[in-house]
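**Student:** Residue numbers (the working numbering): 29 to 635.
Just so it is clear, CB atoms sit at the ideal spot from N, CA and C, and this is done for glycine as well.
Note that the structure is predicted; figures quoted are calculated from it, not measured.
Structure incoming, see below.
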C-alpha cells in the first residue's frame with residue numbers, strides 16, 4: 029500500500045492559503061484598476077451632468093425671466109394706475125408683488141452671470157452668452173431704473189407717470205427679446221454639452237466593455253484552474269473519487285491541483301482497501317456466527333442431558349429415601365422380633381425350670397395332684413401364649429423376607445440408575461468432544477459422573493451381595509421359626525398330655541415320668557433353638573445396620589452427584605448466556621459491517 033499523499037508530495041492542501049492569496053491579489057489588482065478608471069469616468073460624467081443641469085436651470089430661469097420682463101412692465105403700469113385712482117389697497121398689493129418680482133429678476137440675472145448655488149446655477153463661461161448677458165444688463169439697467177423710480181414712494185405721482193415711458197410695452201418686449209437671445213444661447217450651449225455627454229457616455233461604456241472583456245479574460249484565465257479544482261472538490265463532496273483536475277504547470281494552483289489529485293488517488297486506494305477488508309471481516313463474522321450457532325446447539329444438548337441426569341438423580345434420591353424408610357422399618361421389626369424372642373426365651377426358661385422342678389418332684393406329684401393340675405393349666409395357657417408369639421415371630425420373619433426382597437428390587441433399581449447415569453456421562457463426553465476446546469471442562473465433569481456411576485454400581489453390587497447373605501439368614505431364620513412352631517405344637521400337645529397326665533397322674537405315674545423327661549429334653553431343644561433364633565436376629569440387626577450405612581453412603585454419593593450435576597448445569601447455562609452474548613456481538617458486527625459497506629458504497633471509486 030502506498031504511503032499517504034501528505035508524505036509523498038511537496039505541496040499539499042496546506043498550500044491553499046497561499047493560492048487563495050495569489051488569486052485574491054490578482055482579483056484585487058484588477059478590481060482596484062477597474063474601480064479607479066470607473067471613478068474617473070464617474071467624475072467626468074458627474075461634471076458633464078452637473079454642467080447640463082446648470083444649463084438646464086439657466087434655460088429654465090432665463091425663460092422665466094422673459095415672462096417676468098413683461099410682468100414687471102405690466103405690474104409697474106398697474107401700480108401707477110392704482111396710485112392715480114387712489115386705490116391704496118390695490119396699490120399696496122401691486123407694490124409688494126412688483127418688489128418681489130423685481131428682487132427675483134435681479135437675483136436670477138446675477139446668478140446667470142456669476143452663478144448661484146441656491147438656484148442651482150453655474151457661472152457662465154461661454155463668451156457669446158456673457159456678451160449677450162452684458163447687453164441684457166445694459167437694457168435692464170434703464171428698465172430697472174424706471175421700475176425703481178415707480179416703486180420709490182418719495183417720488184411724486186407725476187414723476188412716476190413720466191417713468192412709465194421707460195417701462196412701456198415696446199421697451200419691455202425689446203428687453204424680452206434680448207433675454208430670449210440669452211435663452212437661445214444657453215439652449216445651444218446645453219445641446220453642445222448634451223452631445224459631449226453622449227460622446228463621453230459612449231466612450232465610458234466602450235471603456236467599461238473593454239475593461240469587462242479584459243477582466244473576463246484575466247479572471248477566466250485565473251479561474252479556469254480554480255473551476256477545475258472546484259469540479260474536483262465538488263466530486264469529492266459527492267463522494268466521487270474518480271475525478272482528477274490534471275492541471276499542468278508550476279503555479280500555486282497547479283501545486284494545489286497536484287495535492288488534490290494525490291489526495292483523491294489516496295482516498296480511492298484507501299476506500300478500495302476498506303471495501304476488501306469489510307468483505308473479509310463480513311466473511312469472518314459469518315464463520316464466527318455459524319460456529320457460535322453450532323456451539324449453542326451442542327451446549328443446549330449438553331444442558332438437556334444434564335437436566336435428564338438431574339431428573340434421574342432426583343428419582344434415585346427418592347428411591348434411596350424409600351429404601352432408608354424400608355430399612356428403618358425392617359430394623360424396627362427386627363427389634364420387635366428380638367424383644368419377642370427375649371420374652372419367649374424367658375417363658376421357655378421358666379417352662380424349663382418348671383419341668384425341672386416337675387422332674388425333681390415327680391415323687392410328690394401324687395400328693396400335689398390338685399396343685400399340679402393348676403400348674404398344668406397355667407402351663408397350657410403359657411404354651412398357648414408361646415405358640416401365639418411363635419406364630420408372630422414366623423409372620424415377622426416372613427415380613428422381613430418380603431422387605432428384603434423389596435430391598436433387592438430397590439438395589440436393582442439403583443443399579444439401573446447407575447447404568448443410565450454411566451450412559452448419560454458417556455453421551456456428555458461425546459458431546460463435549462464435539463464441542464472441542466470449549467467442551468473440555470464438561471468432558472472432565474462427564475468423566476467424574478462416569479466414575480460416580482461406576483462407584484454407585486459397585487456399591488449396589490455390594491449391597492446386593494449383602495442382601496443375598498441377609499436373605500440366606502432370613503430364610504434360615506424362617507426355617508428355624510417354622511421348626512420352633514412345630515416344636516411349639518409338640519410342646520402344646522405335650523403340655524396338654526401333661527395336664528391330662530397330671531389329671532390322671534394316679535393312673536399313669538410311669539408315663540408321666542417319661543413324659544416329663546421328654547418335656548425336659550424338648551425344652552432344652554427349645555431353649556437351644558430360641559438362642560439360635562436370637563443369634564440370627566442379632567446378625568440380621570447388624571446386617572441391617574451395615575445396609576443402612578451403605579444406603580446412607582449411597583444417598584450422600586447421590587447428593588454429591590446431584591450437586592455436581594447442578595453446578596454443571598449452571599456452568600452450561602452461563603456458557604449459553606456467553607454464547608448468546610457472542611451471537612449478539614456477531615449480529616452487531618454484522619450491522620456495523622453493513623453500515624460501513626453502505627457508507628463506502630456512497631463513494632465512487634475506480635475499483
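Beta-carbon within less than 8 Å of residue 135's beta-carbon, same chain only, minus the 5 sequence neighbours each way: which residues are those?
**Tutor:** 144 and 147, listed in sequence order.
**Student:** Determine the direct distance from the alpha carbon of residue 610 to that of residue 622, and round the result to whole angstroms.
**Tutor:** Answer to the nearest angstrom: the Cα atoms are 18 Å apart.
**Student:** Compare the beta carbon distance of residue 421 and residue 592 with 8 Å and say whether it is the shorter of the two.
**Tutor:** Taking 8 Å as the Cβ cut-off, residue 421 and residue 592 do not qualify as a contacting pair.
**Student:** Determine, using beta-carbon pairs with one atom in the segment 450 to 464 and one in the segment 493 to 511, whether at least three such pairs fall under 8 Å.
**Tutor:** Cβ pair count under 8 Å is below three, so no.
**Student:** Sort 490, 245, 233 and 441 by Cα distance to residue 581 and report the nearest one.
**Tutor:** Of the listed residues, the one whose Cα sits closest to residue 581 is 490.
**Student:** Who are the near neighbours of residue 419 in its chain, counting only those whose CB is closer than 8 Å to its CB and skipping five residues on each side?
**Tutor:** For residue 419, where only same-chain residues beyond five positions count, the Cβ hits under 8 Å are 513.
**Student:** Can you round the beta-carbon distance between residue 18 and residue 189 to whole angstroms, since I take them to be within the 8 Å contact cut?
**Tutor:** Within the shown structure, residues of the chain are numbered from 29 to 635, placing residue 18 beyond reach of any answer.
**Student:** When you compare the segment 93 to 101 with the segment 191 to 210, are there three or more beta-carbon pairs, one atom per stretch, that lie closer than 8 Å?
**Tutor:** Short answer: they touch.
**Student:** In whole angstroms, what separates the C-alpha of residue 37 from that of residue 56?
**Tutor:** Here the model assigns residue 37 a pLDDT of 40, short of 50, so the residue's position is not dependable, and the following value carries that caveat. Approximately 30 Å between the Cα atoms of the pair.
**Student:** Using a 10 Å radius around the Cβ and a threshold of 16 neighbouring Cβ atoms, would you call residue 507 buried or exposed?
**Tutor:** Counting Cβ neighbours within 10 Å, residue 507 comes out exposed, since fewer than 16 surround it.
**Student:** Three Cβ pairs or more, each shorter than 8 Å: is that satisfied between the segment 217 to 225 and the segment 98 to 117?
**Tutor:** Contact fails: fewer than three Cβ-Cβ distances are below 8 Å.
**Student:** Do residue 212 and residue 168 have their beta-carbon atoms positioned less than 8 Å apart in this structure?
**Tutor:** No; because the gap between Cβ atoms is not below 8 Å, this pair is not in contact.
**Student:** Are residue 119 and residue 111 touching if we call contact CB-CB under 8 Å?
**Tutor:** In contact: residue 119 and residue 111 (Cβ atoms closer than 8 Å).
**Student:** Short check: CB of residue 566 to CB of residue 515, under 8 Å?
**Tutor:** Cβ atoms of residue 566 and residue 515: not closer than 8 Å.
**Student:** What is the DSSP secondary structure of residue 149, reduced to helix, strand or coil?
**Tutor:** In the structure shown, residue 149 sits in a strand (DSSP, three-state: E or B).
**Student:** Might you give, ordered along the chain, the residues of its own chain that have their beta carbon closer than 7 Å to the beta carbon of residue 141, omitting 5 neighbours on each side?
**Tutor:** 152 and 161.
**Student:** Rounding to the nearest angstrom, what Cα-Cα distance links residue 301 and residue 605 in this structure?
**Tutor:** When rounded, the distance between both Cα atoms is 36 Å.
**Student:** Just to confirm my understanding: we take residue 91, look at its own chain, exclude 5 residues before and 5 after, and list those with CB closer than 7 Å. What are they?
**Tutor:** Hits under 7 Å: 211.
**Student:** Quick one: using the 10 Å Cβ neighbour count with 16 as the cut-off for buried, is residue 353 buried or exposed?
**Tutor:** Residue 353 is exposed by the Cβ-count criterion.
**Student:** Do you know offhand how far residue 174's Cα is from residue 137's?
**Tutor:** Residue 174 and residue 137: Cα-Cα distance of roughly 17 Å.
**Student:** Would you tell me roughly how many angstroms separate the C-alpha atoms of residue 617 and residue 346, rounded to the nearest one?
**Tutor:** Distance between the alpha carbons of residue 617 and residue 346 is about 49 Å.
**Student:** So is residue 185 buried or exposed if we call it buried at 16+ other beta carbons inside 10 Å?
**Tutor:** Exposed, because fewer than 16 other Cβ atoms sit within 10 Å of the Cβ of residue 185.
**Student:** Quick check on this structure: which residue in 227, 154 and 240 has the alpha carbon closest to the alpha carbon of residue 63?
**Tutor:** Taking only the C-alpha atoms, the option nearest residue 63 is 240.
**Student:** Tell me which same chain residues have a C-beta within less than 8 Å of the C-beta of residue 546, skipping the five on either side of it?
**Tutor:** Closer than 8 Å at the Cβ level, and outside the excluded window around residue 546, lie 522.
**Student:** Can you grab the Cα-Cα spacing for the pair residue 130 / residue 124, in whole Å?
**Tutor:** For residue 130 and residue 124, the distance between alpha carbons rounds to 10 Å.
**Student:** If you compare alpha carbons, which of 263, 305, 417 and 308 is closest to residue 293?
**Tutor:** Among 263, 305, 417 and 308, the Cα nearest to that of residue 293 is on 263.
**Student:** For residue 155, which of 556, 217 and 426 has the nearest alpha-carbon?
**Tutor:** The shortest C-alpha separation from residue 155 is found at 217.
**Student:** Taking only the alpha-carbon atoms, compute the straight-line gap between residue 570 and residue 446 and give it to the nearest angstrom.
**Tutor:** The alpha-carbon atoms of residue 570 and residue 446 are separated by roughly 26 Å.
**Student:** Taking the beta carbon of residue 598 as the centre, do at least 16 other beta carbons fall within 10 Å, making it buried, or is it exposed?
**Tutor:** The residue is exposed, with fewer than 16 neighbouring Cβ atoms inside 10 Å.
**Student:** How many Å lie between residue 60 and residue 88 at the Cα?
**Tutor:** The straight-line gap from Cα to Cα measures roughly 41 Å.
**Student:** Just checking my contact of residue 171 with residue 199 at CB under 8 Å: how many whole Å lie between their CB atoms?
**Tutor:** Confirmed, Cβ separation roughly 6 Å.
**Student:** In three-state terms, what does DSSP make of residue 144?
**Tutor:** Reduced to three states, the DSSP call for residue 144 is strand.
**Student:** Tell me which residue opens and which closes the alpha helix (DSSP H) that residue 163 is part of.
**Tutor:** From DSSP, the alpha helix (DSSP H) with residue 163 extends over 155 to 179.
**Student:** Output the distance between the C-alpha atoms of residue 290 and residue 260, rounded to the nearest integer angstrom.
**Tutor:** If I take the Cα positions, the gap works out to 11 Å.
**Student:** Could you spell out where the alpha helix (DSSP H) holding residue 185 opens and where it closes?
**Tutor:** Run containing residue 185: 185 to 191, per the alpha helix (DSSP H) assignment.
**Student:** Cα separation between residue 449 and residue 423?
**Tutor:** Computed Cα separation, rounded: 39 Å.
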